[in-house]
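For the record, in the sequence shown the residue sitting at position 508 is 671 according to the working numbering, with numbers rising by one throughout.
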Amino acid sequence: MAKKQFKAESKRLLDLMINSIYTHKEIFLRELISNASDAVDKLAYKALTDDKVGVKRKDFQIFLTADKAERTLTIADNGIGMTKEELEKNLGTIARSGSFQFKQEMDKAENAPKGAKAVDIIGQFGVGFYSAFMVADRVTVRSRAYGADEAWEWQSDGADGYTVEPCDKADVGTQVILHLKPDTDEDKFSEYLEEYRLQELVKKYSDYVHTPIRMEVTKSRQKEKPEGAGEDYKPEWEDYREVDTLNSMVPLWQRAKSKVKSEEYNQFYKEKFGDWEEPLATIHISAEGQMEYKALLFIPARAPYDYYSKDYEKGLQLYSSGVLIMDKCPEVVPDHFSFVKGVVDSPDLPLNISRETLQHTRALHIIQGSVEKKVKAELLKLQKEDREKYLKFWKGFARQLKYGTVNDYGAHKEVLQDLLMFHSSHGDELTTLAEYVERMKEGQENIFYLCAENLEMARNLPQAERVLDKGYEILYFTDEVDEFVANTLQKYGEKPFKDAGAADALPESDEEKADAEKKAEANKPVLDFVKEALGDKVSDVRLSKVLKSGAVCLSTDGPMSLEMEKYFRKMGDDLGGMKAQRVLELNADSAVYGALAQAVAQDPDKAKKYAELLYDQALIIAGLPMEDTARYTELVCSLMV
Numbered sequence: 164m165a166k167k168q169f170k171a172e173s174k175r176l177l178d179l180m181i182n183s184i185y186t187h188k189e190i191f192l193r194e195l196i197s198n199a200s201d202a203v204d205k206l207a208y209k210a211l212t213d214d215k216v217g218v219k220r221k222d223f224q225i226f227l228t229a230d231k232a233e234r235t236l237t238i239a240d241n242g243i244g245m246t247k248e249e250l251e252k253n254l255g256t257i258a259r260s261g262s263f264q265f266k267q268e269m270d271k272a273e274n275a276p277k278g279a280k281a282v283d284i285i286g287q288f289g290v291g292f293y294s295a296f297m298v299a300d301r302v303t304v305r306s307r308a309y310g311a312d313e314a315w316e317w318q319s320d321g322a323d324g325y326t327v328e329p330c331d332k333a334d335v336g337t338q339v340i341l342h343l344k345p346d347t348d349e350d351k352f353s354e355y356l357e358e359y360r361l362q363e364l365v366k367k368y369s370d371y372v373h374t375p376i377r378m379e380v381t382k383s384r385q386k387e388k389p390e391g392a393g394e395d396y397k398p399e400w401e402d403y404r405e406v407d408t409l410n411s412m413v414p415l416w417q418r419a420k421s422k423v424k425s426e427e428y429n430q431f432y433k434e435k436f437g438d439w440e441e442p443l444a445t446i447h448i449s450a451e452g453q454m455e456y457k458a459l460l461f462i463p464a465r466a467p468y469d470y471y472s473k474d475y476e477k478g479l480q481l482y483s484s485g486v487l488i489m490d491k492c493p494e495v496v497p498d499h500f501s502f503v504k505g506v507v508d509s510p511d512l513p514l515n516i517s518r519e520t521l522q523h524t525r526a527l528h529i530i531q532g533s534v535e536k537k538v539k540a541e542l543l544k545l546q547k548e549d550r551e552k553y554l555k556f557w558k559g560f561a562r563q564l565k566y567g568t569v570n571d572y573g574a575h576k577e578v579l580q581d582l583l584m585f586h587s588s589h590g591d592e593l594t595t596l597a598e599y600v601e602r603m604k605e606g607q608e609n610i611f612y613l614c615a616e617n618l619e620m621a622r623n624l625p626q627a628e629r630v631l632d633k634g635y636e637i638l639y640f641t642d643e644v645d646e647f648v649a650n651t652l653q654k655y656g657e658k659p660f661k662d663a664g665a666a667d668a669l670p671e672s673d674e675e676k677a678d679a680e681k682k683a684e685a686n687k688p689v690l691d692f693v694k695e696a697l698g699d700k701v702s703d704v705r706l707s708k709v710l711k712s713g714a715v716c717l718s719t720d721g722p723m724s725l726e727m728e729k730y731f732r733k734m735g736d737d738l739g740g741m742k743a744q745r746v747l748e749l750n751a752d753s754a755v756y757g758a759l760a761q762a763v764a765q766d767p768d769k770a771k772k773y774a775e776l777l778y779d780q781a782l783i784i785a786g787l788p789m790e791d792t793a794r795y796t797e798l799v800c801s802l803m804v
């Protein structure tokens, strides 16, 4: 029989379908199973109004058969089938979708039968079938339409055209028979004849297609123990063949929350995402409105080993009507919640022609916004109702939330600020900002904080005394990003953040200001001497307004703090050599200052040593490296002799 030509710039367009649209060759099985599922759904839909169909929903199936000897893979269904005309229209015209036409007719039907809305039509572009040519050098389609007396065979070996001839087929439905290409060094097409590979692909892409996908598979069983076998008999095993259902069909997220046990959620999470530990929280979403979708989200108990590395890939599994579209879709979860695992399934996704990516992102933004709200609500619930679990979460993901607060110029600070926690002078437990504000003393205007390398250093900073003596609580910032968080937030509620070590941390009366100025003027000779002795190590030396029992500390002038300088040094960024403008603060009421002043007046050489020693001690208190540790040791020893 003479070949007919495809009706759409055949060779060039089919080459495009085969070689350019799909990223992975294995996608062909997903596409052909989706087409088979659509055929089943069409007949199931017809059965709602036509008693003559005679096939119940439970009787529908998709069957896979691999024949290694013939190098063929067959995908068969007992769906609605196709007439000769439909074969020509649907397979002879590239990008003409019978499923799309059926969906349009179903949507327009005024008196759609009960249950019609439950019919999901997957293939709407009319190109998925041609993905078969990525792995096959010949494709044969045998089909008998419902209500027809004859069957037809469509066959093509690619862009050169196709034939349509009558054939023998007793039952209604369609068989798609792929004759696989020969193996090459780059492509091993024989893998699609292996049971394990077909099972793997069905599980990966089509596990939730709601028609059973079946295949005869090889299994092993223990032989019966022969009569008279002794105690030393070793069990023997034998292989046998059995038809197995490969897909789960009904995904967990499609079931009502009330019908799913926590054990089922946990088992699903561990199997799907390869975690040995149960999730801290599960979020089951069924959304309608702007966009219809269902989602199942999980908050892990701990960060994956590669979470804070560049190798980590965020994203949720994206399904369209139960068919996997993307294994990790990054757009549906915000970066600050990139630890979330889970799945999103929607029939409303604006897929591109290959159904591997999306045409535009508005739908994703809608989903992302909803996911963000749900995750935040669940974390706040944990924080308030199960503090132990939240602390476990915080241990793994605190850094992510803090950097999320700072990133994008603080665009997400309103979302994240209530989730943040810090150590404080209130006790050993971490505290939220809301809890801190709730404990604030009457008349306290600021949220006080101090930065240090660790909690022990923070608790011992001499700058804290003045604020603590007022009964005010201080947050201890011990992570490198904490001060950036405070600078980004600026305030929580109506309460601004304030460095407890700043000279203006507490208000001064006019009388106190006048006394401080008088005191500074009186001690100017000592301060000038120390500044000259230290040279460019400091930008200024002044009497401290914050020290009470401590003798010395470092502060800064300008926008860069000491903690910021440490951070940028750690990141390998020298900012063009720019450093914090260091200020050496001295406590004029301390005995140490008295000794310094006396040395300035009587023994300038010793006074210079005192100045260097005090500066080094200030560096130690601040957690900064000394420029010359040998010189420091020499100073201490020389002053002891």
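In this text, a Cβ means the ideal position worked out from N, Cα and C, and glycines have one as well.
Cβ-Cβ distance between residue i and residue j below 9 Å
i	j	result
residue 612	residue 655	no
residue 559	residue 466	yes
residue 749	residue 802	no
residue 408	residue 376	yes
residue 374	residue 223	yes
residue 641	residue 569	no
residue 228	residue 239	yes
residue 757	residue 628	no
residue 644	residue 730	yes
residue 194	residue 355	no
residue 461	residue 432	yes
residue 463	residue 479	no
residue 585	residue 593	yes
residue 417	residue 508	yes
residue 477	residue 498	yes
residue 716	residue 607	no
residue 122	residue 604	Here the chain covers residues 164 to 804 and nothing more, so residue 122 does not appear.
residue 241	residue 206	yes
residue 406	residue 378	yes
Segment limits, beta strand (DSSP E) that includes residue i
i	result
residue 406	400–408
residue 240	235–240
residue 340	336–343
residue 504	504–508
Start and end residues, alpha helix (DSSP H) containing residue i
i	result
residue 783	767–785
residue 299	Element bounds for residue 299: not the alpha helix (DSSP H) but the beta strand (DSSP E), 299–307.
residue 200	190–210
residue 673	673–685
residue 366	358–368
residue 795	792–803
residue 577	576–579
Whole-Å CB distance - residue i paired with residue j, under 8 Å assumed
i	j	result
residue 372	residue 196	6 Å
residue 719	residue 743	4 Å
residue 808	residue 458	An answer regarding residue 808 cannot be provided, because it is not within the stretch 164 to 804 covered by the chain.
residue 486	residue 369	6 Å
residue 358	residue 337	Going by Cβ atoms, the distance from residue 358 to residue 337 rounds to 23 Å, so no, they are not a contact pair.
residue 587	residue 638	5 Å
residue 624	residue 446	With 8 Å as the limit, residue 624 and residue 446 do not qualify as a contact, their Cβ atoms being about 41 Å apart.
residue 316	residue 302	So it is not a contact: roughly 11 Å between Cβ atoms.
Sheet register partners of residue i (DSSP bridge)
i	result
residue 439	In DSSP, residue 439 forms no bridge with anything.
residue 548	For residue 548, which the question treats as bridged, DSSP gives no partner whatsoever.
residue 527	Answer is none; residue 527 lacks a bridge partner.
residue 326	318
residue 584	595
residue 492	479
residue 228	237
residue 445	461
residue 654	659
residue 450	456
residue 167	325
residue 487	482
residue 590	587
Near the ligand NAD: residue i beta-carbon under 8 Å from a heavy atom
i	result
residue 549	This structure lacks the ligand NAD; in fact it carries no ligand of any kind.
C-beta neighbour in chain C for residue i, strict 9 Å
i	result
residue 309	Note that chain C does not occur in the displayed structure, where there is just one protein chain.
Just list the beta strand (DSSP E) runs in the segment 695–755, keeping only unbroken ones of 3 residues or longer that don't cross its boundaries, in chain order.
If we require 3 residues or more, the beta strand (DSSP E) runs fully inside the segment 695–755 come out as 703–706, 715–720 and 744–749.
Length at least 3, wholly inside the segment 372–402: the beta strand (DSSP E) runs in chain order:
DSSP runs (the beta strand (DSSP E)) wholly in the segment 372–402: 376–385.
Run through the segment 606–646 for me and flag every whole beta strand (DSSP E) of 3 or more residues, listed as ranges in chain order.
Counting whole runs of 3 or more residues, the segment 606–646 contains the beta strand (DSSP E) stretches 610–614 and 637–640.
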